[in-house]
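Engineer: Each residue of the sequence shown is one higher than the last, beginning at 21 in the numbering used here.
Ideal Cβ positions, reconstructed from N, Cα and C, are used throughout, including at glycine.
Got a structure for you, written out below as structure tokens; questions coming shortly.
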Amino acid sequence: MTFLYYVLFAALVVGLDQFAKFLTVAYIPLGESLPFLPGVLQLSHIQNTGAAFSSFEGQHWLFALIFLVFTVLVLWEYFKKPLPLKPFERWCVAAIYGGGLGNMIDRVRFGYVVDMLDTVFVNFPVFNVADIFITCGSILLFGHLFFFNKAFWKEENKK
């Protein structure tokens, strides 16, 4: 796969995330919730200036720095020092990157991230579509690296 496919997938992730956030802001008043799957999930409109459980609240510079470093590392790895990543793993990196970019767009535009997915059955932070791609992409990436890509862990790849 070429780099363009991964970029397009990351752009699709950003588009889905931004569309969900647009609908949330347009149709759910701030601080209000709508039932979606009773007893499981409700749609809420929350402005989050931090990360999960409001950790690192107001630390916009930290999130921007982490995203910038991640961007540089992804580009450096792909073009200058490619690791033995399989295509599935690159799709996972694109999902993580797209989710991070979706949240970074919110931070730059609004100074906060719009969150809307609120679990009812468990005390869990309200999250958004970008967070889903970041979390699932990370879990799938590390799981796949651990179980299916033994070449990634060989010592000669670390030089």
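Pairs of beta-carbons, one from the segment 90-97 and one from the segment 133-153, closer than 8 Å: are there three or more?
Structural biologist: With the cut-off at 8 Å, the segment 90-97 and the segment 133-153 do not touch.
Engineer: V140 to W111, Cα distance in whole Å?
Structural biologist: Their Cα atoms are separated by approximately 31 Å.
Engineer: Please classify I48: does DSSP put it in a helix, a strand, or coil?
Structural biologist: I48 falls in the coil class under three-state DSSP.
Engineer: Taking the alpha carbon of L36 as the reference point, which residue from K101, L160, A115, P49 has its own alpha carbon closest?
Structural biologist: When only C-alpha atoms are compared, the closest one is A115.
Engineer: Decide if the segment 28-43 is in contact with the segment 113-131; the criterion is three or more beta carbon pairs, one per stretch, under 8 Å apart.
Structural biologist: Judged by Cβ distances under 8 Å, the segment 28-43 makes contact with the segment 113-131, as three or more pairs qualify.
Engineer: Does the beta-carbon of F29 have 16 or more other beta-carbons within 10 angstroms, so that it is buried, or is it exposed?
Structural biologist: Classification for F29: buried.
Engineer: Give me the residue from Q38, R127, K170 with the minimum Cα distance to W81.
Structural biologist: Of the listed residues, the one whose Cα sits closest to W81 is R127.
Engineer: Report the rounded CA-to-CA distance for I159 versus E52, giving the unit in angstroms.
Structural biologist: Rounded to whole angstroms, I159 to E52 spans 31 Å at the Cα level.
Engineer: Would you kindly report the start and end of the unbroken alpha helix (DSSP H) that includes N123?
Structural biologist: Run containing N123: 107-130, per the alpha helix (DSSP H) assignment.
Engineer: What does N68 pair with, by DSSP beta-bridge criteria?
Structural biologist: Note: N68 sits in a beta bridge opposite V133.
Engineer: For D135 and V146, which I take to be in contact (beta-carbon distance under 8 Å), what is that distance rounded to the nearest angstrom?
Structural biologist: Contact holds; Cβ gap of about 4 Å.
Engineer: Which first and last residues belong to the beta strand (DSSP E) in which F172 is found?
Structural biologist: Counting along the chain, F172 falls outside any beta strand (DSSP E), and DSSP gives it neither H nor E.
Engineer: Which same chain residues end up closer than 7 Å to E109 when comparing Cβ atoms and leaving out the 5 residues on each side of it in sequence?
Structural biologist: Contacts found: L161, H164, L165, N169.
Engineer: Our contact map puts L85 next to F172 with C-beta atoms below 8 Å; I'd like the distance itself, whole angstroms only.
Structural biologist: L85 to F172, Cβ: 26 Å. No contact.
Engineer: Do you know offhand how far P49's Cα is from F167's?
Structural biologist: Near 44 Å, if we compare the C-alpha coordinates of F167 and P49.
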